[in-house]
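A.B. asks: Numbering (the working numbering), first residue to last: 30 to 340. Think of the CB as a built atom: it goes at the ideal place given N, C-alpha and C, for glycine as much as any other residue.
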Ligand SMILES: [Mn+2]
């Protein structure tokens with residue numbers, strides 16, 4: 030597998046590194062880490078993400094500004110990180126090869142090479158192992174990107190897939206120059222007032238159903254407009270619903286510019302969120318998944334999820 034990757038890297042002239050639309054910390058950190066590593070071995074690399082406005086929360090990551098939302102004309106290799114299917118990259122498959130690096134259970138194996146580690150807490154852990162196996166030294170900048178992606182996707186080492194390996198890799202990253210205190214400050218202590226105001230609206234809108242086993246919150250465009258918050262400010266809200274003692278499933282949906290709704294679901298019990306998301310053409314993990322739906326489908330979807338809860 031790694032020989033195959035090595036050969037593809039050697040024979041390609043221009044590599045694009047990309048991830049899913051509306052990238053999170055894992056997507057961005059994994060992209061930038063690979064970029065730094067491939068630059069080190071003198072490859073021509075371009076960073077591409079189809080999203081117009083990237084989340085500012087991650088603007089401290091090295092080379093963040095190098096990520097462009099226009100795809101260059103000529104390239105022969107695409108490396109996708111943290112993206113479960115080709116559609117979410119915003120590209121159609123043409124005359125180029127794909128290396129697909131991910132940790133989503135719902136990954137569709139769209140690459141010539143697919144390295145999918147379902148049990149890893151972040152895609153950046155997979156990226157770390159690839160860079161290590163390719164014998165490329167990990168610089169402090171590269172370690173910062175991988176570490177940021179790891180803490181973001183593991184909820185600072187608190188979600189289900191956090192295990193010994195997550196800590197082993199984190200430890201190696203600190204040895205390579207990642208600074209946990211600094212990174213945590215960048216991630217946690219730079220909120221906007223707009224985000225806190227939107228949190229207030231979220232809290233006020235929490236509805237509990239099925240004997241308080243389900244928390245549901247729906248935010249509309251007007252809530253974002255009123256507060257000046259962006260969709261990225263809402264990215265961890267679903268977790269607040271799940272923090273309630275009685276809640277087993279937290280559902281959070283918010284309105285997109287085109288008036289569709291983005292659903293995020295989290296579970297504490299045996300209900301597999303990725304199965305629900307897949308049913309509605311989305312994807313994700315067992316405990317955390319998401320999908321997009323039309324406004325008139327909302328009630329049906331919520332009822333569908335409610336029926337999964339007994340009692
Ligand atoms: Mn991820």
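If contact is defined by three or more beta carbon pairs under 8 Å, each pair taking one atom from either stretch, is the segment 177 to 195 in contact with the segment 97 to 105?
C.D. replies: Counting Cβ pairs under 8 Å, fewer than three are found: no touch.
A.B. asks: Under 8 Å between the Cβ atoms of residue 244 and residue 207?
C.D. replies: Not in contact: residue 244 and residue 207 (Cβ atoms no closer than 8 Å).
A.B. asks: Report yes if the CB atom of residue 74 is closer than 8 Å to the CB atom of residue 68, and no otherwise.
C.D. replies: In contact: residue 74 and residue 68 (Cβ atoms closer than 8 Å).
A.B. asks: Please determine whether the Cβ atom of residue 264 lies at a distance below 7 Å from any heavy atom of ligand 1.
C.D. replies: No; taking the cut-off as 7 Å, the Cβ of residue 264 has no heavy atom of ligand 1 nearer than that.
A.B. asks: Shortest alpha-carbon distance to residue 110 belongs to which of 62, 220, 93 and 331?
C.D. replies: Comparing Cα positions, the closest option is 62.
A.B. asks: Ligand 1 and residue 303: does the residue's C-beta get closer than 7 Å to at least one heavy atom of that ligand?
C.D. replies: No, ligand 1 has no heavy atom inside 7 Å of this Cβ.
A.B. asks: Thinking just about the alpha-carbon of each residue, which of 324, 231, 133 and 288 is nearest to the one in residue 303?
C.D. replies: When each option's Cα is compared against that of residue 303, the closest is 133.
A.B. asks: Can you look up residue 292 in the DSSP assignment and give me helix, strand or coil?
C.D. replies: Here residue 292 sits in strand by DSSP.
A.B. asks: So who's on the other strand from residue 1, going by DSSP bridges?
C.D. replies: Nothing can be reported for residue 1: it is not among the residues displayed for the chain, which extend from 30 to 340.
A.B. asks: Take residue 199 and list the residues in its own chain whose beta-carbon comes closer than 7 Å to its own, dropping the five residues that flank it on each side.
C.D. replies: Hits under 7 Å: 176 and 179.
A.B. asks: Could you pull out every residue in the same chain whose Cβ sits closer than 6 Å to the Cβ of residue 248, ignoring the five residues on either side in sequence?
C.D. replies: Closer than 6 Å at Cβ, skipping near neighbours: 283.
A.B. asks: Is any heavy atom in ligand 1 found nearer than 7 Å to the beta carbon of residue 182?
C.D. replies: Because some heavy atom of ligand 1 lies under 7 Å away, the Cβ of residue 182 counts as near it: yes.
A.B. asks: Runs of 4 residues minimum, wholly inside the segment 93 to 180: which ones carry the alpha helix (DSSP H) assignment?
C.D. replies: List check, alpha helix (DSSP H) in window: 152 to 162.
A.B. asks: Is the CB-CB distance between residue 294 and residue 318 below 8 Å?
C.D. replies: Going by C-beta atoms, residue 294 is nearer than 8 Å to residue 318.
A.B. asks: Among 117, 330, 122 and 76, whose alpha-carbon lies nearest the alpha-carbon of residue 281?
C.D. replies: Measuring from the Cα of residue 281, the nearest candidate turns out to be 330.
A.B. asks: Looking at residue 57 and residue 87, is the spacing between their C-beta atoms short of 8 Å?
C.D. replies: Yes, they are a contact pair.
A.B. asks: With burial defined as no fewer than 16 other Cβ atoms inside 10 Å of the residue's Cβ, what is the status of residue 314: buried or exposed?
C.D. replies: It is buried - the Cβ of residue 314 has at least 16 other Cβ atoms within 10 Å.
A.B. asks: When you measure from the CB of residue 111 to every non-hydrogen atom of ligand 1, does any distance come out below 7 Å?
C.D. replies: The answer is yes for residue 111.
A.B. asks: Could you pull the start and end residues of the beta strand (DSSP E) that residue 75 belongs to?
C.D. replies: Unbroken beta strand (DSSP E) run through residue 75: 74 to 77.
A.B. asks: Would residue 307 and residue 188 be called neighbours here (beta carbons separated by less than 8 Å)?
C.D. replies: Cβ distance not < 8 Å, so residue 307 and residue 188 don't count as in contact.
A.B. asks: Considering residue 274, what are the terminal residues of the beta strand (DSSP E) in which it resides?
C.D. replies: No beta strand (DSSP E) contains residue 274, which DSSP labels as neither H nor E.
A.B. asks: Express the C-alpha separation of residue 113 and residue 139 in angstroms, rounding to a whole number.
C.D. replies: Between residue 139 and residue 113, the C-alpha separation is close to 9 Å.
A.B. asks: By Cβ distance, which residues of its chain are closer than 8 Å to residue 323, with the 5 residues on each side in sequence left out?
C.D. replies: Cβ within range, chain order: 289 and 290.
A.B. asks: According to the neighbour-count rule (16 or more other Cβ atoms, all chains shown, within 10 Å of its Cβ), is residue 149 buried or exposed?
C.D. replies: With 16 or more Cβ atoms within 10 Å of its Cβ, residue 149 is classed as buried.
A.B. asks: In this structure, does DSSP put residue 38 in helix, strand or coil?
C.D. replies: If DSSP states are grouped into helix, strand and coil, residue 38 belongs with the helices.
A.B. asks: Is residue 49 near ligand 1, going by C-beta to nearest heavy atom under 7 Å?
C.D. replies: Flag unset: Cβ of residue 49 not near ligand 1.
A.B. asks: Three-state secondary structure (DSSP) at residue 261?
C.D. replies: If DSSP states are grouped into helix, strand and coil, residue 261 belongs with the helices.
A.B. asks: In the DSSP assignment, what are the bridge partners of residue 286?
C.D. replies: None; residue 286 has no bridge partner.
A.B. asks: DSSP state of residue 183, grouped into three classes?
C.D. replies: Coil, per DSSP.
A.B. asks: Starting from residue 45, follow the alpha helix (DSSP H) in both directions and report where the run begins and ends.
C.D. replies: Element bounds for residue 45: not the alpha helix (DSSP H) but the beta strand (DSSP E), 44 to 47.
A.B. asks: Let me confirm a value: residue 257 is counted as buried when at least 16 other C-beta atoms fall within 10 Å, else exposed. Which label applies?
C.D. replies: Classification of residue 257: exposed, given that the 10 Å Cβ count is below 16.
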